[in-house]
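Below: one structure, written as structure tokens.
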Amino acid sequence: MNIKNRFKMNEKGQAFSTFKLLIAAVVAVAILGILLSILGGISMPVGFTDQAQGLLRDVSGGDMTRMGPEVSFSGGSIYGPGAFQSAAGGNPVTFVCRRAFCDVDEGTGELIINNDGRARIIACCTDDACFLGVGASAQDLRDEGCQ
3 MNIKNRFKMN
13 EKGQAFSTFK
23 LLIAAVVAVA
33 ILGILLSILG
43 GISMPVGFTD
53 QAQGLLRDVS
63 GGDMTRMGPE
73 VSFSGGSIYG
83 PGAFQSAAGG
93 NPVTFVCRRA
103 FCDVDEGTGE
113 LIINNDGRAR
123 IIACCTDDAC
133 FLGVGASAQD
143 LRDEGCQ
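Here the sequence shown is numbered in this note's numbering, starting from 3 and rising by one per residue.
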């Protein structure tokens, strides 16, 4: 048996497998770049509860009004004022709705969403109360008692 043939490696096969690995890496990076550009263009819907609580935390320290982002509402949703009281520094929260898709229950103070819709939110606090508006203006909150 020829010793040279016994330990001889197939150079052609080794070079091709390295080249295949390089091609796979380039294709993977290209696919990753495409996926990241697609995912970067997708914006997640902004949740009303999180945004409203953040606004109330911002304004609960003093007499100020702050406009928040436009948020999406789902028909059939009901929001109780108690869910926002801790974010308002313990002050009671009053909802003000100025859109056709929502109402405020006079007895319970709950915000009732009748249909799907989008609206900007606004928050205002005084020393002893906070107001959370859906599609409302600063003037609407002042009319309700927020100075």
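All C-beta atoms in this analysis are idealised placements derived from N, C-alpha and C, irrespective of residue type, glycine included.
Nearest residue (CA-CA) to residue i, options the options
{"i": "Ser74", "options": "Arg101, Val61 and Thr67", "result": "Arg101"}
{"i": "Ala121", "options": "Glu108, Asp107 and Phe103", "result": "Phe103"}
{"i": "Gly64", "options": "Arg144, Gly137, Asn116 and Gly91", "result": "Gly91"}
{"i": "Gly70", "options": "Gly49, Ala30, Gln87 and Ile25", "result": "Gly49"}
{"i": "Leu113", "options": "Asp130, Asn93 and Gly135", "result": "Gly135"}
Three-state secondary structure assigned by DSSP to residue i
{"i": "Glu72", "result": "strand"}
{"i": "Phe103", "result": "coil"}
{"i": "Ala125", "result": "strand"}
{"i": "Gly84", "result": "helix"}
{"i": "Gly35", "result": "helix"}
{"i": "Gly56", "result": "helix"}
{"i": "Thr110", "result": "coil"}
Proximity below 8 Å, CB of residue i to CB of residue j
{"i": "Thr51", "j": "Cys126", "result": "no"}
{"i": "Val106", "j": "Leu143", "result": "no"}
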